[in-house]
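A.B. asks: Below is a structure I'd like to ask you about.
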Amino acid sequence: MKSLLATSTRAGGGHWLTRFATLVASGHRVLDALQVPAALLARLYVASAFFSSGLTKLRDWDITLSLFMDEYHVPLLSPELAAWMGTAGELVLPVLLVLGLGGRFAALGLSVINVMAVLSLSEIAPAALQQHITWGVLLLTLALYGPGAWAADRLINKNGR
Numbered sequence: 312m313k314s315l316l317a318t319s320t321r322a323g324g325g326h327w328l329t330r331f332a333t334l335v336a337s338g339h340r341v342l343d344a345l346q347v348p349a350a351l352l353a354r355l356y357v358a359s360a361f362f363s364s365g366l367t368k369l370r371d372w373d374i375t376l377s378l379f380m381d382e383y384h385v386p387l388l389s390p391e392l393a394a395w396m397g398t399a400g401e402l403v404l405p406v407l408l409v410l411g412l413g414g415r416f417a418a419l420g421l422s423v424i425n426v427m428a429v430l431s432l433s434e435i436a437p438a439a440l441q442q443h444i445t446w447g448v449l450l451l452t453l454a455l456y457g458p459g460a461w462a463a464d465r466l467i468n469k470n471g472r
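Laid out in structure tokens, this is it:
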């Protein structure tokens, strides 16, 4: 068996395997290089959605309070407190996420807001639910892996060492 493998390799039979391994290694390098901009794009995408929602709530506070009293049923909190906390979170946490300052904390905080938004509605359209799931997956990824190299957290940790 050994001699058959050696003959096959010498005759060029193992050449395709070397090329395949080189191709896989090149693919890994490309994907590794894309991790940093992908993390930034994920942060910008999710932050934009939540920040816009916070601005909408702030622009018409009376409607926001009405929604929290009649539509959104946040457990354990009064409608007023839930409205204030949700709006503040939707305005502050996205800024932190974009900057990558306390990036994991911001991602976890937005995850809580995201889950509460889904749970507090008695009915949610399938498309809206899918959007919340997408945000949830992106936020979970950012919470688990961090905001990436283009983040204030990375600069602070680098300078602090």
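Residue 312 is where the sequence shown starts when you use this note's numbering, and the numbers rise one by one after that.
We treat Cβ as the ideally placed atom computed from N, Cα and C, and that holds for glycine.
Note that the structure is predicted; figures quoted are calculated from it, not measured.
#1: Hey, could you find the ends of the alpha helix (DSSP H) tyrosine 356 is sitting in?
#2: Sort Phe379, Gly420 and Gln346 by Cα distance to valine 406 and report the nearest one.
#3: Per DSSP, what kind of secondary structure is alanine 438 in: helix, strand or coil?
#4: Considering just the uninterrupted stretch of the alpha helix (DSSP H) at alanine 460, what are its terminal residues?
#5: If you pair each beta-carbon of the segment 370-382 with each one of the segment 448-456, do three or more pairs fall below 8 Å?
#6: Along the chain, where does the alpha helix (DSSP H) that runs through glycine 400 open and close?
#7: In the DSSP assignment, find the unbroken alpha helix (DSSP H) run with leucine 421 in it and report its ends.
#8: Would you mind stating whether serine 431 and valine 385 have Cβ atoms separated by less than 8 Å?
#9: Quick test of your reading: alanine 460 and valine 347, contact by CB under 8 Å. State the CB separation rounded to the nearest angstrom.
#10: So what does DSSP say about valine 448, is it helix, strand or coil?
#11: What does a CB cutoff of less than 6 Å around leucine 316 pick up in its chain, not counting 5 residues either side in sequence?
C.D. replies: Based on what the coordinates show:
#1: Position 45 of the sequence shown, counted from the start, is the residue given in the question as residue 356. Run containing tyrosine 356: 326-370, per the alpha helix (DSSP H) assignment.
#2: Your numbering for residue 406 matches position 95 in the sequence shown. The option with the nearest alpha carbon to valine 406 is Gly420.
#3: Translated into the one-based positions of the sequence shown, residue 438 becomes position 127. Note: alanine 438 maps to helix in three-state DSSP.
#4: Counting from one through the sequence shown, the residue named residue 460 turns up at place 149. Careful: alanine 460 lies outside any alpha helix (DSSP H) and carries neither H nor E.
#5: no
#6: Counting from one through the sequence shown, the residue named residue 400 turns up at place 89. Where glycine 400 is concerned, the enclosing alpha helix (DSSP H) stretches over 390-410.
#7: The residue you call residue 421 lines up with position 110 of the sequence shown. Note, leucine 421: alpha helix (DSSP H), 414-431.
#8: For the purposes of this step, residue 431 is taken as residue 120 along the sequence shown, with counting starting at 1. For the purposes of this step, residue 385 is taken as residue 74 along the sequence shown, with counting starting at 1. Closer than 8 Å, so yes.
#9: As a first step, residue 460 must be located in the sequence shown, where it is residue number 149. As a first step, residue 347 must be located in the sequence shown, where it is residue number 36. At roughly 5 Å, the Cβ-Cβ gap stays under 8 Å, so alanine 460 and valine 347 are in contact.
#10: Locating residue 448 in the sequence shown gives position 137, where the first residue counts as 1. Of the three classes helix, strand and coil, the one that applies to valine 448 here is helix, per DSSP.
#11: Along the sequence shown, one-based indexing puts residue 316 at 5. Bear in mind that the predicted position of leucine 316 carries a pLDDT of just 49, short of 50, making it too unreliable to give a figure here.
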